[in-house]
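Single-structure report; data block below.
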Amino acid sequence: MLKTRLGGKKIAQLDRQLFIDFGRRRATEGAGPMTLSIDFGAIKLILSHAAAVHGLAVSVEPIDMARLALKRLGLIGKGVERDRSSETAGPAMKNWNA
Numbered sequence: 001m002l003k004t005r006l007g008g009k010k011i012a013q014l015d016r017q018l019f020i021d022f023g024r025r026r027a028t029e030g031a032g033p034m035t036l037s038i039d040f041g042a043i044k045l046i047l048s049h050a051a052a053v054h055g056l057a058v059s060v061e062p063i064d065m066a067r068l069a070l071k072r073l074g075l076i077g078k079g080v081e082r083d084r085s086s087e088t089a090g091p092a093m094k095n096w097n098a
């Protein structure tokens, strides 16, 4: 997903608005707040690695600003804790251990 959407972009194109648009698009496709948080963490890790290891002149500030904007819009956040007990599982999961 990340490589398909952002992999062809040049470093100069990676600005705050591009990341905000990416996050909004992912949200409309059904990505939840935690999924978007993971996506943005991966993007920041890649950019940080490029700067630290390869010496590329790339800033992580645009990703930080986009993440803040998306958080304020309610699109990035913590995940919802799910109950995975067998009592709340659907019929297919109840028979799984049988």
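Anchor point for the sequence shown: position 14 equals 14 in the working numbering, and the numbering is continuous, going up by one each time. Think of the CB as a built atom: it goes at the ideal place given N, C-alpha and C, for glycine as much as any other residue. Quick caveat, the model's predicted, so the values are computed rather than measured.
Can you list, in chain order, the stretches of the beta strand (DSSP E) that have 3 or more residues and sit fully within the stretch 7–70? Within the stretch 7–70, no complete beta strand (DSSP E) run reaches 3 residues.
Would a C-beta distance cut-off of 8 Å place lysine 71 and methionine 34 closer than the cut-off? No. Outside cutoff.
Proximity of arginine 24 and leucine 75 at Cβ, strictly below 8 Å: Cβ atoms of arginine 24 and leucine 75: closer than 8 Å.
7 Å CB neighbourhood of phenylalanine 22 in its chain, flanking five on each side removed: If we look at phenylalanine 22 and ignore the five residues flanking it on each side, its Cβ neighbours are Arg5, Leu6.
Is the beta carbon of leucine 56 sitting closer than 8 Å to the one on isoleucine 11? Between leucine 56 and isoleucine 11, the gap from beta carbon to beta carbon is short of 8 Å.
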